[in-house]
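Colleague:
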Amino acid sequence: MNDLILVLDEGTTSTRALAFDLAGNIVAQAARPLTQHFPRPGWVEHDAAEIWDHSLACLRDVAAEVGEGRIACLGLTNQRETVVFWDAATGEPLAPAIVWQDRRTADACGQLRDGGHEAVVQATTGLLLDPYFSGTKIAWALAEWPAVKAAAEAGTLRLGTIDSYLLFRLTEGRVHATDATNASRTLLMNLGTCAWDDAMLELLGVPRGPLPAITDCAGALGTTTLLGHEIAITGSAGDQHAAAIGQACLSPGQVKATYGTGCFVLAHAGPETPVSAHRLLATLAWRLDGVASYALEGSIFTAGAAVQWLRDGLGIIGDSAETEALARSVPDSSGVVFVPALAGMGAPHWRPDVRGLLTGLSGGTTRAHVARAALEAMGHQTADLLAALASDGVAPERLRVDGGMVANDWLCQDLADTTGLIVERPRVIETTALGAAMLAGVGAGLFASLDEAAAMRQSDRVFEPAISPEDRAARRARWARAVAQALA
Numbered sequence: 001m002n003d004l005i006l007v008l009d010e011g012t013t014s015t016r017a018l019a020f021d022l023a024g025n026i027v028a029q030a031a032r033p034l035t036q037h038f039p040r041p042g043w044v045e046h047d048a049a050e051i052w053d054h055s056l057a058c059l060r061d062v063a064a065e066v067g068e069g070r071i072a073c074l075g076l077t078n079q080r081e082t083v084v085f086w087d088a089a090t091g092e093p094l095a096p097a098i099v100w101q102d103r104r105t106a107d108a109c110g111q112l113r114d115g116g117h118e119a120v121v122q123a124t125t126g127l128l129l130d131p132y133f134s135g136t137k138i139a140w141a142l143a144e145w146p147a148v149k150a151a152a153e154a155g156t157l158r159l160g161t162i163d164s165y166l167l168f169r170l171t172e173g174r175v176h177a178t179d180a181t182n183a184s185r186t187l188l189m190n191l192g193t194c195a196w197d198d199a200m201l202e203l204l205g206v207p208r209g210p211l212p213a214i215t216d217c218a219g220a221l222g223t224t225t226l227l228g229h230e231i232a233i234t235g236s237a238g239d240q241h242a243a244a245i246g247q248a249c250l251s252p253g254q255v256k257a258t259y260g261t262g263c264f265v266l267a268h269a270g271p272e273t274p275v276s277a278h279r280l281l282a283t284l285a286w287r288l289d290g291v292a293s294y295a296l297e298g299s300i301f302t303a304g305a306a307v308q309w310l311r312d313g314l315g316i317i318g319d320s321a322e323t324e325a326l327a328r329s330v331p332d333s334s335g336v337v338f339v340p341a342l343a344g345m346g347a348p349h350w351r352p353d354v355r356g357l358l359t360g361l362s363g364g365t366t367r368a369h370v371a372r373a374a375l376e377a378m379g380h381q382t383a384d385l386l387a388a389l390a391s392d393g394v395a396p397e398r399l400r401v402d403g404g405m406v407a408n409d410w411l412c413q414d415l416a417d418t419t420g421l422i423v424e425r426p427r428v429i430e431t432t433a434l435g436a437a438m439l440a441g442v443g444a445g446l447f448a449s450l451d452e453a454a455a456m457r458q459s460d461r462v463f464e465p466a467i468s469p470e471d472r473a474a475r476r477a478r479w480a481r482a483v484a485q486a487l488a
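Just so you know, the sequence shown maps onto residues 1 to 488 in the UniProt record's numbering.
What follows is the structure in C-alpha cells.
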C-alpha cells in the first residue's frame with residue numbers, strides 16, 4: 001500500500017529524510033550532520049559529495065525502516081542560494097559548494113550597486129544586490145576556479161542550487177532542472193515570467209548552457225530507482241517556500257517565520273508580483289500548473305547560528321536546549337543586547353560588512369544574561385521585519401512560527417512579547433519537510449490542491465503577548481540603539 005510521502009530535507013547544518021503519512025504525522029526519519037568549511041573569513045563552503053552521500057544514506061535508511069513499497073512519492077526541499085558545480089557525465093562535484101551565507105562576492109555586489117544596477121535588478125528579479133544570492137557566486141566560480149571554467153568551455157559543466165544537484169543525482173543524470181522557487185533566488189530569473197533573464201545573465205556574466213530548466217513546484221519532476229524500486233519525484237521547493245506551504249500560509253497576508261540557522265519571514269502576497277519600498281524581497285511563493293503565487297520575504301542571516309556560536313565559539317553552553325533554562329533563570333538580560341550579525345545583516349538593512357555586537361556588559365553579567373540576550377535578538381530581528389512588512393501594507397495579527405528553535409517555549413513567548421502578535425506553533429515544527437510533503441502529495445495526485453493538503457498541518461499552541469506596550473517600547477528602543485552602534 002502506497003500510503004507514505006518521503007521527503008528529503010537538505011539543510012545548512014544537516015541532511016534529513018522523513019516519511020509522512022497523509023495526516024501529516026512523521027512515521028520515520030533519519031539525519032546526518034553536514035560539515036561546514038570556512039576557508040577564509042566570510043567564506044562558507046560545503047562538500048557537495050558529502051551532501052549527496054548523506055542524502056542518499058538518509059533516504060535509504062527511512063525507506064528500509066518503513067518499507068519502500070509504502071512510499072507513494074518523493075518531495076525535495078533544500079537550503080536556498082547555495083550553488084553546486086558538477087560534471088555532466090559523472091555527477092561528481094568540480095568544486096566546493098558555495099553556501100548562501102558566503103560573503104566572498106560582497107565587493108562585486110558593491111561595484112554593481114555603484115554602477116547603478118540595483119534598481120533594474122530589483123525590478124527584474126525582486127531581489128537586491130547582495131552576496132547572499134547565487135548569481136554572483138556563479139560568476140565568481142567561473143572566473144576563479146579553473147576546473148569550473150574549463151568544464152564551462154568544454155560544455156560539460158552543470159550548475160545549480162542544491163535541489164537541481166540532488167534531482168540530477170537521484171535521476172542518475174536524466175533530469176537537469178530546478179523548481180521555480182529556487183530559481184527565484186539566483187538573481188538570474190525574471191520574477192514575472194519565471195524564466196532565465198537574458199539581461200541578468202549578461203550583467204552577471206553567467207552562461208545559459210549549464211543552467212537547469214525551470215519547472216513547477218509539483219508534478220512529474222523525475223523518477224529515482226536508487227531506493228529499490230521506481231519512485232516518482234513529485235514536489236520541490238526551497239526551504240522557506242516549503243515552510244510557508246507547510247504552515248498553510250495560502251492566502252494573502254498570512255505570515256510565517258522559520259527559525260533555523262537563519263530566520264526567514266515570508267508573507268503571502270497573492271497572484272501579482274509585489275514591490276517592497278522597504279528593502280524586503282519579492283519572491284515566489286510557489287508555481288503550480290504554470291501559475292505563480294508570490295510572497296514578500298525578510299531574511300535574517302543569523303538565528304540558530306547565534307546559539308551555535310555560544311556553544312561552539314564561546315563554550316558558555318553545553319547544548320542549544322540549555323538556553324531556555326538560562327533565559328528563565330534571570331528576570332531580564334540586565335541591559336545586555338546581542339546584535340548577532342555574525343554573517344552580516346540581512347533585511348531590512350542589507351549590510352554584509354557589519355559584524356556582531358555584544359553591548360551593555362558589566363561586572364555582573366553572567367552567561368545567563370548573554371544567552372537570554374541571544375534569544376531576545378530573535379524577537380527583535382523579527383519585529384524589525386514585521387515593521388517593514390507593515391510599511392509595505394502587510395500587517396498580520398498572527399505569526400506562525402516553525403523550525404528547530406521554536407521547541408523553546410520561552411522563545412515563543414518572547415516572540416509574542418516583542419512583536420506584539422499572537423504566535424502560533426504547529427504540532428509538527430518541521431514544516432519545511434511538511435510543506436515539501438504537501439507539494440509532493442499534490443504532484444502525485446494524493447491531494448487535489450494545496451488547500452486540501454493543508455489538512456496535514458495542525459496547531460499545537462498559541463502564545464499571546466504578556467507585557468505592556470511601554471515595556472515593549474523600552475526594549476525595542478534599547479535594541480535600536482545597539483543596531484545603530486553595529487551599523488556605525
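Virtual Cβ for every residue (Gly too), placed ideally from N, Cα, C.
Kindly examine the ligand GTP and report whether one of its heavy atoms sits closer than 7 Å to the Cβ of A28.
Modeller: In the structure shown, the ligand GTP is absent, as is every other ligand, since no ligand is present at all.
Colleague: Which ranges would you report for the alpha helix (DSSP H) in the segment 64-148 if only whole runs of at least 4 residues count?
Modeller: Qualifying alpha helix (DSSP H) stretches, in chain order: 106-114, 118-125, 134-144.
Colleague: Where A437 and A244 are concerned, what is the direct C-alpha to C-alpha distance, given to the nearest angstrom?
Modeller: Each residue's Cα considered, the two are about 12 Å apart.
Colleague: Under the rule that 16 or more other beta-carbon atoms within 10 Å means buried, what is D312, buried or exposed?
Modeller: Counting Cβ neighbours within 10 Å, D312 comes out exposed, since fewer than 16 surround it.
Colleague: If you check the beta carbons only, do V339 and A486 fall under 8 Å apart?
Modeller: Against a cut-off of 8 Å, the Cβ pair of A486 and V339 comes out as a contact.
Colleague: Could you pull out every unbroken beta strand (DSSP E) segment of at least 3 residues lying fully inside the segment 398-445, listed in chain order?
Modeller: DSSP runs (the beta strand (DSSP E)) wholly in the segment 398-445: 398-402, 422-426.
Colleague: Using 8 Å as the threshold, is the C-beta distance between V148 and L94 below it?
Modeller: Yes. Within cutoff.
Colleague: Based on the DSSP output, what are the partners of D9 in its beta bridges?
Modeller: DSSP output for D9 lists R16, T77 as bridge partner(s).
Colleague: If you count every other CB in all the chains shown that lies within 10 Å of the CB of V394, and 16 or more means buried, which is it?
Modeller: So V394 ends up on the buried side.
Colleague: Report the rounded CA-to-CA distance for C263 versus T302, giving the unit in angstroms.
Modeller: Their Cα atoms are separated by approximately 7 Å.
Colleague: Applying the 10 Å Cβ sphere with the 16-neighbour rule, what's the burial state of R158?
Modeller: R158 is buried by the Cβ-count criterion.
Colleague: Which residues in the same chain as V354 place their Cβ atom closer than 8 Å to its Cβ, once the five residues preceding and following it in sequence are excluded?
Modeller: Cβ within range, chain order: A341, G344, M345, A486, L487.
Colleague: Would R425 be called buried (16 or more neighbouring beta carbons within 10 Å of its own) or exposed?
Modeller: Result: buried.
Colleague: Which partner residues does W196 have in the DSSP bridge list?
Modeller: According to DSSP, W196 bridges with M189.
Colleague: Going by DSSP, name the residue or residues bridged to F338.
Modeller: Looking at the DSSP assignment, F338 forms a beta bridge with L358.
Colleague: Tell me which residues share the same chain as V255 and place their Cβ nearer than 8 Å to its Cβ, disregarding the 5 neighbours each side in the sequence.
Modeller: Contacts found: C249, V265, L266, A267, H268, L386, L389, V394, P396, R398, L399, R400.
Colleague: Can you list, in chain order, the residues of its chain with a C-beta nearer than 7 Å to that of V66? Leave out the 5 residues immediately preceding and following it.
Modeller: Counting only Cβ-Cβ distances below 7 Å, and skipping sequence neighbours, we find L4, A19, V27, A28.
Colleague: Taking DSSP as the reference, what is the three-state secondary structure of Q29?
Modeller: Looking at Q29 - three-state DSSP - the assignment turns out to be strand.
Colleague: Helix, strand or coil for W479, going by three-state DSSP, please let me know.
Modeller: Looking at W479 - three-state DSSP - the assignment turns out to be helix.
Colleague: Would S276 and A282 qualify as a contact pair, given that the criterion is a beta-carbon distance under 8 Å?
Modeller: Contact flag set, yes.
Colleague: Apart from the five residues on each side of it in sequence, which residues of its chain come closer than 8 Å, Cβ to Cβ, to E272?
Modeller: Y294, listed in sequence order.
Colleague: State the beta-bridge partners of G270 as determined by DSSP.
Modeller: Paired residues: Y294.
Colleague: Beta strand (DSSP E) containing T223: first to last residue?
Modeller: From DSSP, the beta strand (DSSP E) with T223 extends over 218-224.
Colleague: For the putative contact between H176 and S184, defined by C-beta atoms under 8 Å, what is the C-beta separation to the nearest angstrom?
Modeller: Not a contact, Cβ separation roughly 18 Å.
Colleague: Any idea which residues DSSP pairs D21 with across the strands?
Modeller: Beta-bridge pairing links D21 to L4.
Colleague: Please list, in chain order, all residues of the same chain as A195 whose beta carbon is under 6 Å from its beta carbon, the five residues on each side excluded.
Modeller: Counting only Cβ-Cβ distances below 6 Å, and skipping sequence neighbours, we find nothing.
Colleague: With G209 and G155 assumed to form a contact (beta carbons below 8 Å), what rounded beta-carbon distance in angstroms separates them?
Modeller: Between G155 and G209 the Cβ distance is about 7 Å, and since that is below 8 Å, they are a contact.
Colleague: Among L127, A123, G160, which residue has its Cα nearest to the Cα of A141?
Modeller: Looking at the Cα atoms, G160 is the closest of the given residues.
Colleague: Enumerate in chain order the residues of its own chain whose CB-to-CB distance from L129 is below 6 Å, with the five nearest sequence positions on each side excluded.
Modeller: If we look at L129 and ignore the five residues flanking it on each side, its Cβ neighbours are C109, L112, R113, E118, V121.
Colleague: Thinking C-alpha only, which one of C73, D47, L314, G75 is nearest V84?
Modeller: Checking every option, the nearest Cα to that of V84 belongs to D47.
Colleague: Would a C-beta distance cut-off of 8 Å place E376 and S320 closer than the cut-off?
Modeller: Not in contact: E376 and S320 (Cβ atoms no closer than 8 Å).
Colleague: I'd like the list of long-range same chain contacts for D460, defined as Cβ closer than 6 Å, with 5 residues on each side in sequence excluded.
Modeller: So the list reads R425, P426, R427, once near-sequence residues are dropped.
Colleague: Check each candidate in T323, P348, T225, W100 and name the one with the smallest Cα separation from A480.
Modeller: Checking every option, the nearest Cα to that of A480 belongs to P348.
Colleague: Suppose the cutoff is 7 Å on Cβ atoms and the five residues either side in sequence are ignored; what does the same chain contact list for G173 look like?
Modeller: Taken in chain order, the residues that qualify are G91.
Colleague: Count the other CB atoms within 10 Å of the CB of L314; is the residue buried (16 or more) or exposed (fewer)?
Modeller: With fewer than 16 Cβ atoms within 10 Å of its Cβ, L314 is classed as exposed.
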